[in-house]
Amino acid sequence: MINAAPGDLLISHVNLRDGVFDFTVVLILDADESGTLGVVLNKVAQLPLSAVLPTWVEVVSDPQVLFDGGPVSRNGAICLASVDSSEEPPGWRRLFDNVGLLHLDTPVELVAGAYAGLRIFAGYAGWAPGQLESELARDAWFVAPARHDDIFGVDQSDLWQRVLRRQNPDVAVYSTWTDDPETN
Numbered sequence: 693m694i695n696a697a698p699g700d701l702l703i704s705h706v707n708l709r710d711g712v713f714d715f716t717v718v719l720i721l722d723a724d725e726s727g728t729l730g731v732v733l734n735k736v737a738q739l740p741l742s743a744v745l746p747t748w749v750e751v752v753s754d755p756q757v758l759f760d761g762g763p764v765s766r767n768g769a770i771c772l773a774s775v776d777s778s779e780e781p782p783g784w785r786r787l788f789d790n791v792g793l794l795h796l797d798t799p800v801e802l803v804a805g806a807y808a809g810l811r812i813f814a815g816y817a818g819w820a821p822g823q824l825e826s827e828l829a830r831d832a833w834f835v836a837p838a839r840h841d842d843i844f845g846v847d848q849s850d851l852w853q854r855v856l857r858r859q860n861p862d863v864a865v866y867s868t869w870t871d872d873p874e875t876n
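In this text, residue positions in the sequence shown follow my numbering: the first is 693, and each later residue adds one.
This is the structure in structure tokens:
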């Protein structure tokens, strides 16, 4: 059985058509016996970041927008940040590699210029114990390790295709999938 761990990407299979996760890439932030939590990396929220956290607009990575992290707790925000050093800055907690959660109560003055990448997500994706494992067994998701640019890249609009293209050929072929079944 394939398991997903913090730092892994879940890339939705073309057969996963639920209106929520179609053509999405989810970064796993936490996975244990109580379930799995992640954020969708390639959906921009309808609400501008300036309407929610105006002082953070200038410090987040380009594009300076609010991302739609998933269908759970859309009124809450998760901030991911990557550090360049081994020193843990104030308000930051390591999740995996050099990526961690940054508390949004951290003064913006301490944040400006201190991170190699910074992104804010409204909401998150969550799975109850065993739920994601069941979806993986049904081939609803492909699992791959995340790269820094997958999380903090400037253009997330084609992330689903880019991540699929670098997988083995049996998976990479899906990167050319379109909404029109006649052209697949």
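Every residue gets a Cβ at the ideal spot worked out from N, C-alpha and C, and that includes glycine. Values in this document were obtained by computation on a predicted structure and should not be read as measured data.
Span of the alpha helix (DSSP H), counted from its first residue to its last, around P781 = Taken as a continuous stretch (DSSP letters only), P781 belongs to no alpha helix (DSSP H), as it is neither H nor E.
task = Figure out for me which residue from D776, V775, S777, L796 has the closest Cα to the Cα of G783.
result = L796
task = Name the one or two DSSP bridge partners that R909 has.
result = Here the chain covers residues 693 to 876 and nothing more, so residue 909 does not appear.
ask   = L739: buried (16+ other C-beta within 10 angstroms of its C-beta) or exposed?
value = exposed
query = Is V800 buried or exposed, if buried means 16 or more other CB atoms sit within 10 Å of its CB?
reply = exposed
task = Give every residue of the same chain whose Cβ lies closer than 7 Å to the Cβ of D776, excluding the five residues on either side of it in the sequence, and list them in chain order.
result = A808
query = First and last residue of the alpha helix (DSSP H) that includes G717?
reply = In the sequence as displayed, the identity of residue 717 is Val instead of Gly. Note, V717: premise wrong, no alpha helix (DSSP H); beta strand (DSSP E) at 717 to 724.
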